[in-house]
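J.: One structure follows; several queries about it will come next.
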Amino acid sequence: MNRELKQREPSMALCCFWPLSLDSVWLHSVGLTYWPQKYWALAAPIYLLVTVATCIVLLFGVNLMNTAALGSVDNITDHYAQSQRVEEHQEGAILRLGDVSISELNHVFYLHQHES
Amino acid sequence: MSLDNYRAVFFIVFQHVLTSSYLSNMAEEEFTDINGNSISLDCHTHSAFCREFTVNSPKLSLRKVMVYTCFIWILAYAIFFFTENTAALTSAIIVTLVGMMVYIHFVKVDQETLLIIGSLGVQLSSAYASGRESTTFIEMNKLKDIVINEAVYMHSIIYYLCILIKDPADPDKVTSLVPLFQSSKPRLNCLVHVYRSCQEILAQTT
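Protein sequences, first through last, are from chains A and B.
Quick note on the working numbering: the first sequence kicks off at 1 and runs consecutively.
Quick note on the working numbering: the second sequence kicks off at 1 and runs consecutively.
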């Protein structure tokens, strides 16, 4: 359910109007005395924006860390491909779906002369 | 024709036969690495089952060294000018010297060599700018195949030549990968050249 017009929420109203209020006597008399410092009215949104910006940079870093190195077997295969069964080829049958080994691929691409 | 002419013609033909039988074939086309710097590939065929490929990276250029050194020293002098602290100058000198030594001894690779001997194994060798050479040998029974693989490297996908290592007890499973020519990272035209040559040798022996 879309919650449009968030200004209707009482918590949002408090966020907007509390920094503008003075340390008035009537607020204290009602009993609401433990307010945060006015400094936080500026600091909290800035902290949030800096966190978002840092997370964007960290996301690139995490992606780079998770990429397999050039010397890792994950570039060739993984445990799903290694556990696939190789069936005997029957005459005229369609071959079973599965990974082609990289040696075969290289033969096709680079050894046999392609004109196209 | 006179005897001298015959002798001259024979000598020229003999030279031609000598060089072609050694088959020292310098690559004529321009090869570059993945960043566009030009590299060179030498293929030597020592015998019917032994070939050696050498990829030469461009040497460390004096201009670059001078530029980096001047930049660091001018920066250090600027810091000294404002802080009147000689530690900035001393540290700049030490950083430059130590950085240069570490770079040419551990980082800058001048040439990489792949020597393939059929039914014996493969030897990989890297020669650094300071003269240091590091060599590894892979036996033929551990070597499954030499292939060109594509993988994600930083922000792009590159082709690179690699050796598939297998355990002799389990010949179908690839246990690890050894990438070749890592410091010079040649492009696909150079790799296909080396790949075809290696496959000729591997096809003879298996």
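Idealized CB from N, CA, C, for every residue including glycine.
Name the DSSP bridge partner or partners of Q111/B?
T.: Walking along the second sequence from the start, residue 111/B turns up at place 111. In the DSSP output, where bridge partners are listed per residue, Q111/B has N56/B and A127/B.
J.: What are the boundary residues of the beta strand (DSSP E) that includes V108/A?
T.: Counting from 1 along the first sequence, the entry for residue 108/A is found at position 108. V108/A -> no beta strand (DSSP E), and no H or E assigned at all.
J.: Report the partner residues of L41/B according to the DSSP bridge assignment.
T.: For the purposes of this step, residue 41/B is taken as residue 41 along the second sequence, with counting starting at 1. Paired residues: V55/B.
J.: From M101/B, R187/B and I201/B, pick the residue whose C-alpha is nearest to that of L115/B; which is it?
T.: Taking the second sequence and counting its residues from 1, the one referred to as residue 115/B is at position 115. Nearest option by C-alpha distance: I201/B.
J.: Please list, in chain order, the chain A residues whose beta carbon lies closer than 8 Å to that of L177/B.
T.: Along the second sequence, one-based indexing puts residue 177/B at 177. Chain A residues near L177/B: L70, G71, S72, V73, N75 and I76.
J.: Determine which residues share a DSSP beta bridge with C276/B and list them.
T.: Because chain B in this structure spans residues 1 to 206, residue 276/B falls outside the shown range and cannot be described.
J.: Could you give the residue range of the alpha helix (DSSP H) that holds N189/B?
T.: As a working mapping, residue 189/B is identified with position 189 in the second sequence. Segment L188 to T205, the alpha helix (DSSP H) holding N189/B.
J.: Alpha carbon to alpha carbon, how far is E103/A from L41/B?
T.: Here residue 103/A refers to the residue found at position 103 when the first sequence is read from its first residue. Here residue 41/B refers to the residue found at position 41 when the second sequence is read from its first residue. One point to set straight first is that residue 103/A is Ser, not Glu, in the sequence displayed. Those two C-alpha atoms are separated by around 24 Å.
J.: Mind checking if K166/B is an interface residue toward chain A, Cβ cutoff 8 Å exclusive?
T.: Position 166 of the second sequence holds residue 166/B. With 8 Å as the cut-off, K166/B does not count as an interface residue toward chain A.
J.: For R57/A, report the span of its alpha helix (DSSP H) as first-last.
T.: Locating residue 57/A in the first sequence gives position 57, where the first residue counts as 1. Looking at the sequence provided, one finds Val at residue 57/A rather than Arg. Note, V57/A: alpha helix (DSSP H), Y39 to N66.
J.: Look up K142/B in the DSSP assignment and say whether it is helix, strand or coil.
T.: Working through the second sequence from its first residue, we reach residue 142/B at position 142. Residue state, collapsed to three classes: helix.
J.: Just the Cα atoms here: how many angstroms apart are E150/B and S72/A?
T.: Here residue 150/B refers to the residue found at position 150 when the second sequence is read from its first residue. Here residue 72/A refers to the residue found at position 72 when the first sequence is read from its first residue. For E150/B and S72/A, the distance between alpha carbons rounds to 12 Å.
J.: Cα-Cα, which of I148/B, I163/B and L164/B is closest to I157/B?
T.: Counting from one through the second sequence, the residue named residue 157/B turns up at place 157. If we check each option's Cα against that of I157/B, I148/B comes out closest.
J.: In angstroms, rounded to a whole number, what distance separates the CA positions of P58/B and R187/B?
T.: Here residue 58/B refers to the residue found at position 58 of the second sequence. Here residue 187/B refers to the residue found at position 187 of the second sequence. P58/B and R187/B: Cα-Cα distance of roughly 15 Å.
J.: Rounded to whole angstroms, what is the Cα-Cα separation between S125/B and L180/B?
T.: One-based indexing of the second sequence puts residue 125/B at position 125. One-based indexing of the second sequence puts residue 180/B at position 180. If I take the Cα positions, the gap works out to 10 Å.
J.: Taking V152/B as the query, report the chain A residues whose CB atoms sit under 8 Å from its CB, ordered along the chain.
T.: Mapped onto the second sequence, residue 152/B falls at position 152. Chain-order list of chain A residues neighbouring V152/B: T67 and A68, by C-beta distance under 8 Å.
J.: Under the DSSP definition of a beta bridge, which residues are partnered with N5/B?
T.: The residue labelled residue 5/B in the question sits at position 5 within the second sequence. Listed as beta-bridge partners of N5/B by DSSP are no residues whatsoever.
J.: So which residues of chain B does I102/A contact, with C-beta pairs closer than 7 Å?
T.: Translated into the one-based positions of the first sequence, residue 102/A becomes position 102. Result: V147 and N149.
J.: Return the bridge partner residues of T32/B from the DSSP annotation.
T.: Taking the first residue of the second sequence as position 1, residue 32/B is located at position 32. In the DSSP output, where bridge partners are listed per residue, T32/B has S38/B.
J.: Could you work out which residues of chain A lie near K173/B, taking near to mean beta carbons separated by less than 8 Å?
T.: Mapped onto the second sequence, residue 173/B falls at position 173. Q82, listed in chain order.
J.: Evaluate L191/B with the Cβ neighbour count: other Cβ atoms within 10 Å of its Cβ, from every protein chain shown; 16 or more gives buried, anything less gives exposed.
T.: Counting from one through the second sequence, the residue named residue 191/B turns up at place 191. The residue in question, L191/B, is buried, as its Cβ has 16 or more Cβ neighbours within 10 Å.
J.: Please report how far the alpha carbon of N5/B lies from the alpha carbon of S184/B, in whole angstroms.
T.: Reading the second sequence from its first residue, position 5 is the one you call residue 5/B. Reading the second sequence from its first residue, position 184 is the one you call residue 184/B. Approximately 48 Å between the Cα atoms of the pair.
J.: Are the C-beta of R196/B and some C-beta of chain A separated by less than 8 Å?
T.: Here the question's residue 196/B lines up with position 196 in the second sequence. Chain A, which has a Cβ nearer than 8 Å to the Cβ of R196/B, makes this yes.
J.: Are the C-beta atoms of Q199/B and some chain A residue less than 8 Å apart?
T.: For the purposes of this step, residue 199/B is taken as residue 199 along the second sequence, with counting starting at 1. True, the Cβ-Cβ gap to chain A drops below 8 Å.
J.: With a CB to CB cut of under 6 Å and the five nearest residues on each side skipped, what residues in its chain are close to T33/A?
T.: The residue labelled residue 33/A in the question sits at position 33 within the first sequence. Here the set comprises nothing.
J.: Go ahead and pull the three-state DSSP assignment for V102/B.
T.: Position 102 of the second sequence, counted from the first residue, corresponds to residue 102/B. The answer is helix: DSSP assigns V102/B an H, G or I state.
J.: By the three-class DSSP mapping on this structure, what secondary structure does N75/A have?
T.: Within the first sequence, numbered from 1, the residue matching residue 75/A stands at position 75. It is helical.
J.: List the DSSP bridge partners of D172/B.
T.: On the second sequence, residue 172/B is found 172 positions in, with the first residue counted as 1. DSSP, once it has assigned bridges, lists no residue as partnering D172/B.
J.: Hey, out of V178/B, Q123/B and E139/B, whose CA is closest to E133/B's CA?
T.: In the second sequence, counting from the first residue as 1, residue 133/B sits at position 133. Ranked by how close their Cα comes to the Cα of E133/B, the residues V178/B, Q123/B and E139/B have Q123/B in first place.
J.: Counting pairs of beta carbons, one from the segment 168–176 of chain B and one from the segment 90–99 of chain A, are three or more of them closer than 8 Å?
T.: Segments in contact, no.
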